[in-house]
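Chains A and B supply the protein sequences, listed in that same order.
This note's numbering runs 16 ahead of the 1-based position in the first sequence.
This note's numbering runs 25 ahead of the 1-based position in the second sequence.
We treat Cβ as the ideally placed atom computed from N, Cα and C, and that holds for glycine.
Fair warning: this is a prediction, and the values are worked out from it, not measured in the lab.
Scroll down for the structure; my scribbles are underneath it.
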Amino acid sequence: MSEELRRAVDDLNLRDSASATPVRLKAGSSLEALENLSENIRELEERSGLAPLPVARPDDEFNRLLALRLLAVRTRLRLLGYGVTDLTTESVDAPLRTAILSFQAEAGIEQDGWVGPETWGRLQELVAFESTTVVANWFDADSNARPALVRAMMVRLGVLGLCDYPPNPDPNGNVLIAVNNFRTQITLLKFPLRDSRYALTPELTALLFGHEELIRHLAQEPGIEKLLDIPADADERTLPGVKRFVYRLVQTELWLDGLNTAPAAPNAPPRDLASRPSVQTALEGFWTHVEPPLSTEELHARSARINQSLFKTFAARLAQPVVQAEVVAQYVEQNKGVLERAWEQVKRGVFFLWDGVKRSLRWLWDRIRGAAQKVTDATRAAVEQAKAFMWHILRVIYDQASEVLQTVRHATVAFVDGIRTYFDGEFVEGAGERAVMVKSMRDFDALVWATRDVTAAEAHGLKQRFRRVAAALSAACRVLALVADILFTAASAGWGVVLLLSALVRRGPQILNAFKELADAGEEQLLLA
Amino acid sequence: MADGPFKEAVTKLGEALVDFSELEVVTFTGDVTAILKSDKKSIDWSKLMESATVDGSKVQLVAATQLKIDGDAYTFQTNANLPRQDELLKIHAATVEASQRGRAAIVDMLKGFIK
Chain A
17 MSEELRRAVD DLNLRDSASA TPVRLKAGSS LEALENLSEN IRELEERSGL
67 APLPVARPDD EFNRLLALRL LAVRTRLRLL GYGVTDLTTE SVDAPLRTAI
117 LSFQAEAGIE QDGWVGPETW GRLQELVAFE STTVVANWFD ADSNARPALV
167 RAMMVRLGVL GLCDYPPNPD PNGNVLIAVN NFRTQITLLK FPLRDSRYAL
217 TPELTALLFG HEELIRHLAQ EPGIEKLLDI PADADERTLP GVKRFVYRLV
267 QTELWLDGLN TAPAAPNAPP RDLASRPSVQ TALEGFWTHV EPPLSTEELH
317 ARSARINQSL FKTFAARLAQ PVVQAEVVAQ YVEQNKGVLE RAWEQVKRGV
367 FFLWDGVKRS LRWLWDRIRG AAQKVTDATR AAVEQAKAFM WHILRVIYDQ
417 ASEVLQTVRH ATVAFVDGIR TYFDGEFVEG AGERAVMVKS MRDFDALVWA
467 TRDVTAAEAH GLKQRFRRVA AALSAACRVL ALVADILFTA ASAGWGVVLL
517 LSALVRRGPQ ILNAFKELAD AGEEQLLLA
Chain B
26 MADGPFKEAV TKLGEALVDF SELEVVTFTG DVTAILKSDK KSIDWSKLME
76 SATVDGSKVQ LVAATQLKID GDAYTFQTNA NLPRQDELLK IHAATVEASQ
126 RGRAAIVDML KGFIK
């Protein structure tokens, strides 16, 4: 390891001497390996913190392993003002359950008290800047904003410097004043608005949660240059409203880029300016990595001001291609020692905000595309950049691995259902004198019984059902074989979490495609049943 | 991820592996009352083989297919002129195809586990 990286790693308090803790996987071959597959995947999910929350109250040991996922849920609910004051308890206790139920009720989704995919997705829509917020989800049949949306609007308005009040669900309270303030700022910045009502409208909601649209507009709109021109070291409390709004937008974009100026950090109230590094410092980090590299004078000059040119650069980066996750995974494998240690020391609370991943993929494009660079080459000299770089990589790996593991979970369900169906299943199509039945037996033998009056409709229905089961089992088997291969190698080589997740990400396209083929054929219902 | 159902499925698979060398699909038609269990609601599948005759009046054998793992295939098809014979044969063919596909999926997967 070079001195340059050693300094960066030391600064991150990474232990250079420690090797990655291997994931405890059971080895085996043939059927033994298949038997161990489910346990091995669970071990990986728990060690990495990517396990879904359990559907029933788990025991203490399981709770401990789910600590990371629980922390992410607690962080989000706290941010939205659901009374979660404790971020550290590593179990689904009564206060957390109550908060989850409140959120589900206010979001208009099923109230089961657990965070499954739907609840997690809705939380992400409200909290993550990069998530696509489906505005229609957040208004009821009478076009009223759902209470959970009202809370999230207050958080978002706070991030933009337009609301000082803690989030609450009252659509007619302080949020209305803040939303009107937002309307004023975006009108000054020449956003065309169609709906002029003094209300929480879908149009304003889309704009408020459309961070990237705001960036693109400011990059291209003529006649607003003066409003965007702000010294980067300004004390934002002295800025006029519209400039403070612009200043906060820049802060947010830099934070999403992995630069440490975090208006939405869970432990930093929106107005707690002292807790944040300056925008100027973050801009220096930002301009350090543009291509071609800037001269020292130019770097200082650009870092000194916020202006439309900065927004043009932001917008250009939003249009930049993303690096393929498999390339990032390959990079992890080439630099596994440092990145495994980086993961073991990362501050999980902030990491698990799960935001900024798309920017990470664009950010990494310039640095590792098609090259076998080392971390040292990519991070150059800046310690802050070494940290941002490693976080970007880890965030990408975790985000993509989460998607792959979700598919693997579907595959195990489809496998179990397929085996049960084939080995002990009975299909019936039609009824009475127009029925056809199949008794499927172990080893795939089958007996078919058809009444004399059976028609083409029943024959077709049976054929379709059987075809779907066969397709689902086939896809599930392909996925499980791919995963088993990875786990076998990991068990033999004693891989740590990051390396194992990166291997899943590298094979991700094959794994995801196996199931995508079924979805394309309209058979996803079976898989997700 | 629950291990129980998964392990149970793998155990079933393990028990069946010895029979994977051969695949049989047999299709019957006839009067449903002839093969109902005493509860008159569900089918007694074991009765099918006993009751079936090629030209029987109540339960009739339509087709039978046996596929060997080495690729050999044997198919019987009744020459009786059955009502809706086309549909019956389509059902039989679809069942053979689906059974083959399921078995092939398992065999292909197990190849991946053998190191």
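Expected contact under 8 Å - CB spacing of residue i and residue j to nearest Å
i: A/VAL373; j: A/ARG333; result: In fact, because the Cβ distance is near 14 Å, the residues do not count as touching under 8 Å.
i: B/VAL121; j: B/VAL50; result: 5 Å
i: A/LEU503; j: A/LEU53; result: 7 Å
i: A/LEU270; j: A/PHE302; result: 6 Å
i: A/ARG468; j: B/THR54; result: 6 Å
i: A/LEU272; j: A/ALA298; result: With 8 Å as the limit, A/LEU272 and A/ALA298 do not qualify as a contact, their Cβ atoms being about 11 Å apart.
i: A/ARG481; j: A/PHE443; result: 6 Å
i: A/LEU528; j: A/THR437; result: Actually they do not touch by this definition, with Cβ atoms about 24 Å apart.
i: A/LEU96; j: A/PRO183; result: 6 Å
i: A/LEU478; j: B/ALA119; result: 7 Å
Alpha helix (DSSP H) segment containing residue i, residue limits
i: A/ARG213; result: No alpha helix (DSSP H) holds A/ARG213; DSSP gives it neither H nor E.
i: A/TYR98; result: Counting along the chain, A/TYR98 falls outside any alpha helix (DSSP H), and DSSP gives it neither H nor E.
i: A/ALA144; result: That residue, A/ALA144, is in no alpha helix (DSSP H); it is neither H nor E in DSSP.
i: A/LEU478; result: 472-509
i: A/TRP271; result: 257-272
i: A/GLY301; result: 295-304
i: A/ALA341; result: 341-350
i: A/VAL131; result: Taken as a continuous stretch (DSSP letters only), A/VAL131 belongs to no alpha helix (DSSP H), as it is neither H nor E.
i: B/ASN106; result: Taken as a continuous stretch (DSSP letters only), B/ASN106 belongs to no alpha helix (DSSP H), as it is neither H nor E.
i: A/LEU517; result: 513-522
i: A/ASN197; result: 190-204
i: A/ILE240; result: Run containing A/ILE240: none; DSSP gives neither H nor E here.
i: A/GLU122; result: 110-123
One or two residues paired with residue i in a DSSP bridge
i: A/ARG321; result: A/PRO247
i: B/LEU61; result: B/ILE68
i: A/ALA451; result: A/GLY446
i: B/ALA89; result: B/VAL51, B/PHE101
i: A/SER456; result: A/ALA462
i: A/PHE155; result: A/ALA161
i: B/VAL84; result: B/GLY55
i: A/THR467; result: B/GLY55
Beta-carbon proximity check, residue i vs residue j, cutoff 9 Å
i: A/PRO218; j: A/PRO185; result: no
i: B/ASP69; j: A/ARG458; result: no
i: A/GLU252; j: A/ASN323; result: no
i: A/ALA427; j: A/ALA492; result: yes
i: A/ALA43; j: B/MET134; result: no
i: A/LEU555; j: B/LEU38; result: Here chain A comprises residues numbered 17 to 545, so residue 555 of chain A is not present and cannot be evaluated.
i: A/ARG264; j: A/VAL175; result: yes
i: A/GLN201; j: A/ALA248; result: no
i: A/ALA486; j: B/LYS115; result: no
i: A/PRO12; j: A/ALA161; result: Outside the displayed span of chain A (17 to 545) sits residue 12 of chain A, for which this structure offers no information.
i: A/ALA235; j: A/PHE145; result: no
i: A/ARG494; j: B/ALA98; result: no
i: A/GLY524; j: A/ALA358; result: no
i: A/VAL89; j: A/LEU112; result: yes
i: B/LEU113; j: B/PHE101; result: no
i: A/LEU173; j: A/ALA194; result: yes
i: A/LEU41; j: A/ALA506; result: yes
i: B/VAL84; j: B/SER71; result: no
i: A/VAL258; j: A/SER518; result: no
i: A/ILE246; j: A/ARG318; result: no
Short CB-CB distance (under 9 Å) between residue i and chain D
i: A/LYS479; result: Any reference to chain D falls outside this structure, whose protein chains are A and B.
**Q.** Against chain A: residues of the region 50-66 of chain B by CB proximity under 8 Å
**A.** VAL50, VAL51, THR52, PHE53, THR54, GLY55, ASP56, VAL57, ILE60
Q) Listed in chain order, which residues of the region 84-104 of chain B have Cβ atoms closer than 7 Å to some Cβ of chain A? A) none
Q: With 8 Å as the limit, tell me which residues of the region 424-438 of chain A have their beta carbon closer than that to any beta carbon of chain B; keep them in chain order.
A: ARG425, THR428, PHE431, VAL432, GLY434, ILE435, ARG436, TYR438
Q. What residues from the region 47-60 of chain A come within 9 Å of chain B, judged by C-beta to C-beta, listed N to C?
A. LEU47, GLU48, ALA49, LEU50, GLU51, LEU53, SER54, GLU55, ILE57, ARG58
Q: Below 7 Å between beta carbons is the criterion; list the residues of the region 120-139 of chain B that meet it against any residue of chain A, in chain order.
A: THR120, ALA123, SER124, ARG126, GLY127, ARG128, ALA130, ILE131, ASP133, MET134, LEU135, GLY137, PHE138, ILE139
Q. For the region 453-470 of chain A, which residues have a beta carbon sitting closer than 9 Å to at least one beta carbon of chain B?
A. MET453, VAL454, LYS455, SER456, MET457, ARG458, ASP459, PHE460, ASP461, ALA462, LEU463, VAL464, TRP465, ALA466, THR467, ARG468, ASP469, VAL470
Q: Could you run through the region 31-45 of chain B and flag, in chain order, every residue whose CB is less than 9 Å away from some CB of chain A?
A: PHE31, LYS32, GLU33, ALA34, VAL35, THR36, LYS37, LEU38, GLY39, GLU40, ALA41, LEU42, VAL43, ASP44, PHE45
Q | Contact set between the region 496-521 of chain A and chain B, restricted to residues whose Cβ is under 7 Å from the partner | A | LEU496, ALA497, ALA500, ASP501, PHE504
Q: Could you run through the region 206-228 of chain A and flag, in chain order, every residue whose CB is less than 8 Å away from some CB of chain B?
A: none
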